[in-house]
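Student: Residue numbers (our numbering): 125 to 368. C-beta atoms are modelled at their ideal positions from N, C-alpha and C, and glycine is treated no differently.
(1) Helix or strand or just coil, what does DSSP make of residue 197?
(2) Residue 293 by DSSP, collapsed to three states: which one?
(3) For residue 308 and residue 290, what's the separation of their Cα atoms in angstroms?
(4) Since residue 239 is in the alpha helix (DSSP H), which residue starts that stretch and which ends it?
(5) Starting from residue 326, follow the beta strand (DSSP E) in both directions and report where the run begins and ends.
(6) Taking the alpha helix (DSSP H) that residue 161 belongs to, which residues open and close that run?
(7) Going by the CB atoms, is the gap between residue 267 and residue 300 shorter than 8 Å?
(8) In its own chain, which residues sit with a C-beta less than 7 Å from the C-beta of residue 318, not counting the 5 before and 5 after it?
(9) Is residue 206 buried or exposed, if buried means 16 or more other CB atoms sit within 10 Å of its CB?
(10) Less than 8 Å separating the beta-carbons of residue 253 and residue 224?
(11) Find the nearest neighbour of residue 228 within the set 292, 173 and 200, judged by alpha-carbon distance.
(12) I'd like to confirm the pairing. Which residues does DSSP put opposite residue 223 in its beta bridges?
(13) Mapping DSSP to helix, strand and coil, what is residue 338?
(14) DSSP state of residue 233, grouped into three classes?
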């Protein structure tokens with residue numbers, strides 16, 4: 125793959141991850157933030173799917189955070205107007221859209237996770253795209269499938285390859301940026317009134333090795349994209365839980 129094509133993949137990744145550095149941490153002013161009704165309901169859905177498919181609940185929470193900030197994606201004009209914090213999305217400069225809170229895909233760039241996940245739980249792709257609980261179940265089933273008989277008792281480090289495959293990014297070095305963000309959010313914890321990721325220790329060096337981890341945790345990764353805004357960046361994370 126050419127550098128330009130890789131850059132496009134990173135741009136796509138950036139759509140889901142660009143706001144990570146500025147996201148509220150667990151306790152913004154030392155005072156716990158009350159979750160919205162929708163966020164509380166999503167937490168219950170994550171727990172149910174974790175139990176049903178035997179995958180770590182933290183991974184479901186963090187993937188949803190990386191993909192959508194717990195704001196389900198719906199195609200433009202398809203919003204349900206039911207009070208959920210939905211985001212209407214449409215193809216932009218050829219970039220395919222994702223579906224639901226878990227960012228499932230159905231395109232030639234990032235794969236058919238929507239169709240595959242729906243098949244695993246025996247629902248239609250339309251149901252998996254439009255119903256949040258079903259979207260989470262489809263994603264959990266897909267993650268369990270990619271986990272190759274792992275279960276939630278396994279260390280989170282052992283799930284990195286499954287998360288990379290879930291991302292749909294074909295280049296391993298780019299998929300690692302995605303998995304790094306997902307695992308770092310778990311290691312540090314994340315919370316606002318709209319989302320919550322349970323904090324849990326992750327041995328990042330065990331996952332990536334010392335040299336790779338140094339690169340992934342660099343303060344800023346900048347690349348040329350060939351767009352009017354010529355650079356994007358993968359945000360830095362200070363490896364200190366719940367502190368800026």
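Tutor: Concretely, from the data shown:
(1) strand
(2) coil
(3) 17 Å
(4) 237 to 245
(5) Premise fails: residue 326 is in no beta strand (DSSP E) and is neither H nor E.
(6) 161 to 177
(7) no
(8) 160, 163, 193, 194 and 209
(9) exposed
(10) yes
(11) 292
(12) 228
(13) helix
(14) coil
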